[in-house]
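Protein chains in written order, with my numbering: chain A, 950 to 1171; chain B, 44 to 287.
Glycine included, every Cβ here is placed at the ideal spot set by N, Cα and C.
The model shown is predicted, which means the values in this text are computed figures rather than measured ones.
Have a look at the structure below, then the notes.
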């Protein structure tokens, strides 16, 4: 099973490495959103300081939408889904592999974005372990939920428009939890970031399990 | 084929239900506006709970029905349960919207604000509302009956599984809450106000049952129509073939 997970994740990441979509399109888009937030808030320092964590995670959610769309379209073009089914790979392994590939790309963008908020928003990292743990826990939750819902809308024409309305409300706890944990890690608000980390981890676990269980049904029946 | 044509989705039971809903609504309006006294603190705004609380209760009843229907589809592939889940979700969205609307209208004179971000139930209900709109949009995506049912069921189960964690996150997010503790259990309501509230709950329950049955029958007929249309089209094509 784990071999298959690495296989699928490796396949998606290899396609990504060769096409450079995340690097040449998603990453500039993410930085652009950071700049736009700066314009929208009139580069008002106190407001930007207070809102840095929230803006960071909103940007990550936008990036997640594009990453999931991309990950899904890899399987829908040229009927690759059928081929994946015929390959005899366990659906749960396909799910974990694809989620892992999305998570790796998200983490890559997030690391650059952290640099972005340090430079553009003048943020300072006060707790490095909390920052890293939050990035990991939140990203697992986002990637798992996104991969599951991406597969759910894979076969339909309106998938670009329906994915945000499905994914974003469900990710509300991640936005709230990761923002609060970041507030602690960046020292912008007095909250217990580690408590929020527990919630993020719980969210991630539920979605990894649900996704692994439901992915096969979606792959075969829709 | 003439006898197969269905002209309406009513039956004796639904007509009886519909009539009781109508009578109940008239009674509720009379009780709510003329018999129940104004509240000491909230004055006339208290009358909003006769709609707000029943709507909130049946929002949850509807969405629990949808969650059960979703699980039953995944376990048994029962199209009956899938149709129930879809019908309940539509009515649930209606009730949920009504809950949010009446809540904000009530909040304006009572809390002096339409919306309060610090209120857990308010924010959770709004997220639930948006999630269920997502569920309904999945149902309307098209494709085969089975594929639609499976997609919708996965969204339904996911929503039900995540709702507690959403509620928890909102609760932690803002620890202070303006929202009244459950009005029914804290014993503050009494006399005609309490009685009217119970009438409201009963009427809303009857309305829920009535609209659920009708919506279920419409969905069922829609599905039958699609399959008979296909069968008819096939027969027509075959008949053309024979003529040559």
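1159, 1163, 1166, 1167 and 1170: these are the residues of the region 1158-1170 of chain A whose beta carbon lies less than 7 Å from some beta carbon of chain B, given in chain order. Between residue 100 of chain B and residue 209 of chain B, the C-beta gap is not smaller than 8 Å, which leaves the two residues out of contact. Of all alpha-carbon atoms in B:165, B:262 and B:55, the one lying nearest the alpha-carbon of residue 149 of chain B is that of B:165. Distance check between residue 206 of chain B and each of B:182, B:173 and B:189 places B:173 closest, using alpha-carbon atoms only. Distance from residue 961 of chain A to residue 1042 of chain A at the Cβ level is roughly 13 Å; contact not present, criterion being Cβ atoms closer than 8 Å. The bridge partners DSSP lists for residue 86 of chain B are B:82. In the same chain as residue 247 of chain B, and ignoring 5 residues on each side of it, the C-beta atoms closer than 6 Å to its own belong to 97 and 101, in chain order.
Within its own chain, the residues whose Cβ lies closer than 7 Å to the Cβ of residue 999 of chain A, once the five positions on either side in sequence are excluded, are 1137, listed in chain order. By the Cβ rule, the region 1149-1157 of chain A counts as touching the region 1081-1091 of chain A, because three or more pairs are nearer than 8 Å. In the DSSP assignment, residue 965 of chain A falls within the alpha helix (DSSP H) that extends over 951-968. Take residue 1169 of chain A, set aside five residues on each side of it, and the residues of its chain with a beta-carbon closer than 8 Å to its own are 1034 and 1040, in chain order.
Non-local beta-carbon contacts of residue 1070 of chain A in its own chain, meaning distances under 6 Å to residues more than five positions away in sequence, involve 997 and 1001 in chain order. Within 9 Å of the CB of residue 180 of chain B, the CB atoms of chain A belong to 1107, 1110, 1111, 1114 and 1115, in sequence order along the chain.
Along the length of the region 972-1024 of chain A, whole alpha helix (DSSP H) runs at least 4 residues long occupy 976-989, reported in chain order.
Burial of residue 178 of chain B is indicated by the presence of at least 16 other C-beta atoms within 10 angstroms of its C-beta.
Contact check for residue 1148 of chain A against residue 1122 of chain A passes: the beta carbons are separated by less than 8 Å. Residue 983 of chain A has its alpha-carbon roughly 7 Å from the corresponding atom of residue 1008 of chain A. If only complete runs of 3 or more residues are kept, the region 1030-1079 of chain A shows no beta strand (DSSP E) anywhere.
When A:1106, A:1073, A:1150 and A:1063 are compared, the shortest CA-CA separation from residue 979 of chain A is found for A:1063.
Taking 8 Å as the cut-off, the Cβ atoms of residue 131 of chain B and residue 255 of chain B count as close. Sequence-distant Cβ neighbours of residue 121 of chain B in its own chain, meaning closer than 8 Å and more than five residues away, are 115. Under the three-state reduction of DSSP, residue 158 of chain B is assigned to coil, being neither helix nor strand. Think of a sphere of 8 Å around the beta carbon of residue 216 of chain B: the chain A residues whose beta carbon falls inside it are 1125 and 1129, in chain order. DSSP, reduced to helix, strand and coil, places residue 95 of chain B within a helical segment of the structure shown. Between the alpha carbons of residue 110 of chain B and residue 967 of chain A lies a distance of about 42 Å.
With the criterion set as a beta carbon lying under 8 Å from some beta carbon of chain A, the members of the region 194-215 of chain B are 194, 197, 198, 200, 201, 202, 204, 205, 208, 209, 211, 212, 213 and 215, in sequence order. Proximity to residue 976 of chain A across A:991, A:995, A:1004 and A:1013 peaks at A:1013, based on C-alpha coordinates. A distance below 8 Å between beta-carbons, with the five flanking residues on each side excluded, links residue 57 of chain B to the following residues of its chain, in chain order: 253, 256 and 257. By alpha-carbon distance to residue 1115 of chain A, the top candidate from A:1020, A:990, A:1126 and A:1100 is A:1100.
One alpha carbon belongs to residue 48 of chain B, the other to residue 191 of chain B, and they sit about 26 Å apart.
The C-beta separation of residue 68 of chain B from residue 93 of chain B comes to about 11 Å, leaving the pair out of contact by the 8 Å criterion. Within chain A, no residue has its beta carbon less than 8 Å from that of residue 235 of chain B; the closest one is some 39 Å off.
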